[in-house]
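Please read the structure below before turning to the comments.
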Amino acid sequence: MKVAAIVAGMVLLVLALGEIGARAFSPYLPEPLLWSDRSTQVKVAQMDRLRREQGCVDVAFVGNSMTRDAIDPATFSAADPDHHSAYNAALDAATPALLSRWTLEEVEPRLDPATVVLGLSSFDLNDEARIAASALESYDTATLSRGDLFGRLQAPFVEHSDLFRFRNELRDPTEVWSGIQRLRRGETTERLTADGIDGIIGPDGEGLSRRDLRYTGSVSIQRFAQTELLNDFDLGGVQIAAAEGLVSELHERGVEVALVVLPITEDYVGLHPDGGADYQRFLVATQRLAERTGAVLVDAHAWAPGDASFADTHHLNGDGALAFSAALPGLLAEAGAPTPTCAP
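Residues 1242 to 1585 in the numbering used here are what the sequence shown spells out, letter by letter.
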């Protein structure tokens, strides 16, 4: 027993010294990517900051990049008669199968929102969308969003220990040597912050990358939508089930939910394998989803009268986003969506 205690003490001492060394050296190492992409990593930091500073948020927006680019929280809050606080937690290519984890495991616990607005498009409910499968795989295999036993076990160590967080960099001789050179020069490495990513993510989670774009009927953009978003268009399976489960669980937690069908161009409708018939099936599916779950439905797919407000077939540009964000409080009110104030 005495030998075991000595060995255990030595192990703890080595780990403690290793942690001290890692914390001293980590500013000179590249920042590890702990989530599926840089934008997600920044949004986690932003939500953590909001939790510290405000305690909660009245309205949280979730969805894919269409929601991210379409809704500017500051504009929404300014246009809202009650000036509800808001945050845009939408992720790139995040369909309900991914959003169910992201929203319930990360967004709701961090922001404690009174209302969640789920932005929807037809590819969100397409069980065969290639881009959705790729995004889900990336999320499910990232260090801090792995859902398996190993992922859950390692997460606390990665979050609180530099020795664990930077373990890959510390095992890489090239990175260690580069870090030593930076240390000698007194140059720390750049870090992502909760302020956002220049030209990509704003301070409230809003998307910035398409602000200056104008849709001109690009064939390459249309082809991308056909092959990655609307391919093998199939409704009624895992995505609708995931959306229903997400809404139901949010209601169980006392969170109001509104479904918003996002604006799209006429070209986008025509890109479905069966054109307008497929899109109509999507609209019917969202109506039934709202009826089954008791969520309020706002159908804004025809909100924009032409293509001038769009960056491509289905993303709003800067002018479109600001106009839609200003209109959204009224659209929610007209649909009867309750928007209570959160209680920190």
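Positions of the beta carbon are idealized from the N, C-alpha and C atoms, including for glycine.
Taking the C-alpha atoms as reference points, what is the distance between residue i and residue j?
| i | j | result |
| --- | --- | --- |
| F1405 | A1518 | 52 Å |
| T1468 | I1261 | 50 Å |
| L1512 | V1460 | 11 Å |
| R1398 | P1546 | As written in the sequence, residue 1398 is Phe, which differs from the Arg given in the question. Using only the alpha carbons, I get a separation of about 51 Å. |
| I1372 | L1470 | 6 Å |
| S1271 | A1541 | According to the sequence as given, residue 1271 is Pro; it is not Ser. Spanning the two alpha carbons is a distance of roughly 43 Å. |
| V1358 | A1265 | 42 Å |
| P1504 | F1523 | 14 Å |
| Y1328 | K1243 | 55 Å |
| A1374 | D1368 | 9 Å |
| A1286 | P1570 | 26 Å |
| V1348 | A1301 | 8 Å |
| D1381 | P1414 | 28 Å |
| P1273 | F1407 | 7 Å |
| A1526 | S1362 | 11 Å |
| I1481 | V1510 | 20 Å |
| G1458 | I1312 | 23 Å |
| V1502 | R1309 | 13 Å |
Pick helix, strand or coil for residue i, following the three-state DSSP scheme.
| i | result |
| --- | --- |
| N1329 | strand |
| A1374 | helix |
| I1261 | helix |
| V1479 | helix |
| A1301 | strand |
| D1540 | strand |
| L1573 | helix |
| E1369 | coil |
| L1404 | helix |
| L1340 | helix |
| T1382 | helix |
| L1462 | It is worth fixing the name first, because residue 1462 is Ile in this sequence and not Leu. Helix, per DSSP. |
Kindly examine the ligand PLP and report whether one of its heavy atoms sits closer than 7 Å to the Cβ of residue i.
| i | result |
| --- | --- |
| S1566 | Of the ligands one can find in the structure shown there are none, so the ligand PLP has no counterpart to examine. |
What span of residues does the alpha helix (DSSP H) with residue i cover, start to end?
| i | result |
| --- | --- |
| F1398 | L1390 to H1401 |
| D1508 | E1507 to G1511 |
| G1360 | It is not in any alpha helix (DSSP H) - G1360 instead sits in the beta strand (DSSP E) that spans T1356 to L1361. |
| L1424 | P1414 to R1426 |
| L1291 | R1279 to E1294 |
| L1530 | G1517 to T1534 |
| L1274 | It is not in any alpha helix (DSSP H) - L1274 carries neither H nor E in the DSSP assignment. |
| S1318 | P1314 to A1320 |
| L1352 | E1349 to L1352 |
Mind reading off the beta-carbon distance from residue i to residue j? Whole number of angstroms is fine, and I expect it under 8 Å.
| i | j | result |
| --- | --- | --- |
| L1500 | L1538 | 5 Å |
From what residue to what residue does the beta strand (DSSP E) around residue i run?
| i | result |
| --- | --- |
| A1499 | E1497 to V1502 |
### Message
Check whether the stretch 1488-1498 and the stretch 1526-1537 touch, using three or more Cβ-Cβ pairs below 8 Å as the test.
### Response
yes
### Given 8 Å, three or more beta-carbon pairs between the stretch 1435-1448 and the stretch 1274-1293
yes
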